[in-house]
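A quick write-up on the structure given underneath.
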């Protein structure tokens, strides 16, 4: 129940980012799916702690030092 609360809280922040901040910043994500969508999928698949970890790890790679491209959320057995 606590995990679900934090998942919904983080997903609410992501929704705010997508609706309010992202349009001003432009489409700058180097990956498919976008980092915000990746974070939402990771939260759905892994929960608040591990999903947030995967999402923040992905956001740290979203810069010119990394190539980018297609990078889906890993399957549970591959972690």
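In this note's numbering, the protein residues as written are 32 to 110.
Glycine residues also receive a C-beta, built at the ideal position from the N, C-alpha and C atoms.
Taking C-alpha positions only, residue 75 is separated from residue 82 by approximately 8 Å. In the three-state reduction of the DSSP assignment, residue 63 falls in the strand class. Secondary structure within the segment 34-82: the alpha helix (DSSP H) runs of 4 or more consecutive residues, fully enclosed, are 53-56 and 66-77 (chain order). Beta-bridge partners of residue 86 (DSSP): none assigned.
Residue 57 sits away from residue 73, with the two beta carbons spaced by 8 Å or more. If you ignore the 5 residues before and after residue 97, its C-beta comes within less than 8 Å of the C-beta of 61, all in its own chain and listed in chain order.
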